[in-house]
Structure formats: C-alpha cells, structure tokens
Amino acid sequence: MNKTYVNRLISSVVFCLSFFQCTRTHESETVFADAFKKYAVEGTFVFHKLHANQTYFYNNARANTPYLPASTFKILNSLIALETGAIADTNVVLKWDGIEHSIKAWNRDHNMKSAIKVSAVWFYQELACRIGPDKMQYLVEKCDYGNK
Numbered sequence: 038m039n040k041t042y043v044n045r046l047i048s049s050v051v052f053c054l055s056f057f058q059c060t061r062t063h064e065s066e067t068v069f070a071d072a073f074k075k076y077a078v079e080g081t082f083v084f085h086k087l088h089a090n091q092t093y094f095y096n097n098a099r100a101n102t103p104y105l106p107a108s109t110f111k112i113l114n115s116l117i118a119l120e121t122g123a124i125a126d127t128n129v130v131l132k133w134d135g136i137e138h139s140i141k142a143w144n145r146d147h148n149m150k151s152a153i154k155v156s157a158v159w160f161y162q163e164l165a166c167r168i169g170p171d172k173m174q175y176l177v178e179k180c181d182y183g184n185k
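For the working numbering, add 37 to where a residue sits in the sequence shown, where the first one is 1.
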C-alpha cells in the first residue's frame, strides 16, 4: 500500500466519522499508532461506536487542527449531488467540456466513479453548479462540515 492511498483512506474515514456527535471520548493513541508508524505517515484516525456513543482517537491534537478540506470535499459534494438529484446515480456520465487540463486523466468524460479515482476537479465543479450555491451552503452547514 502506498502512502498516498493510506493518507486518502485515513482522511476519508476521518471525514465520514466527523458527522457523528459524541459525548464520551477515549484516547486510543497506542491502538492506531502502529498503522501510522508502519507506513511512515502522519495523520489522524477517529472511530465512533454508535451504540456505545464512544469515540476513539489517534492523534487527537491533529484531529482538532484546522486544515483545508482539499479532496475530502469531493466526498460531501458527491453525497449532496446524489441527495439533491443534481446527478441521478454514480454511473451518469458528464461530458468533458474540451478544456485541456494539466492532468491528462481529467481530459475525458467521467462518471462519479471515474472522477473520484483521478480527482477530476471539473466534474465536481459541475456538480456544485448543478446543486447551486444556496443549497450547497445550506447542506454543508447542516452536515457541520469544515473548520469552526
């Protein structure tokens, strides 16, 4: 497994689990430390047990440090697009507008599955336009996404 994959996986897990509110937390530095050391990556892991309402952290200080959302926002953008009907499903193909991008993999038609693999920014910009700024802002805030 390469570092980029591990970083993306860890970021995705943290993002998905960030939606949960919790009242009880437990530091679990040693439980997850081995995985981060094995791949020589710096990161954060947050795990929430729904039924027990317990949250476990690795590197809690980093979890509470504001960072740019970067590609993690593509996950929320995708969910909002599906929820609002901006795109019917993950197989719908959006036509490439012909504008050449420095990343060659972006320069073609994409569906949600292929766009996320190559992080095709134009695809997610189109989804955001279809959703509209007011609806997007409302749903982003409703999800409590982002730095506060």
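C-beta: ideal position from N, C-alpha, C; glycine also. None of these values were measured; they are calculated from a predicted model.
Among the residues of its own chain, which have a CB less than 6 angstroms from the CB of residue i, if the five just before and after it don't count?
i	result
Thr81	Val51, Asn96, Arg99, Ala100
Arg167	Ala123
Looking only at its own chain, which residues have a Cβ that is under 7 angstroms from the Cβ of residue i, when we skip the five neighbours before and after it?
i	result
Phe108	For clarity, residue 108 is Ser in the given sequence; the question names Phe instead. Excluding sequence neighbours, Ser108 sits near Ser156.
Phe69	Phe82, Tyr95
Leu176	Ile117
Do you know offhand how far residue i's Cα is from residue j's?
i	j	result
Pro103	Ser139	29 angstroms
Ile136	Ala142	12 angstroms
Gln91	Val83	10 angstroms
Phe110	Pro170	15 angstroms
Arg145	Gly122	23 angstroms
Asn184	Thr127	28 angstroms
His147	Ala165	15 angstroms
Glu79	Met149	29 angstroms
Could you check if residue i belongs to the surroundings of the ligand COA, using beta carbon to heavy atom distance under 6 angstroms?
i	result
His147	Inclusion of the ligand COA in the displayed structure is not the case, the ligand content being empty and no account of it being possible.
Given a cut-off of 7 angstroms, decide if residue j and residue i are closer than it, judged by their beta-carbon atoms.
i	j	result
Leu131	Tyr182	no
Near residue i, which residues of its chain fall below 8 angstroms by C-beta distance, leaving aside the five closest residues on each side in sequence?
i	result
Val129	Asn148, Met149
With three or more beta-carbon pairs closer than 8 angstroms as the criterion, would you say the segment 149-167 touches the segment 106-121?
The segment 149-167 vs the segment 106-121: in contact.
Enumerate, from N- to C-terminal direction, the unbroken alpha helix (DSSP H) stretches of 4 or more residues contained entirely within the segment 82-141.
Listed in chain order, the complete alpha helix (DSSP H) runs (minimum 4 residues) inside the segment 82-141 are 97-100, 110-121.
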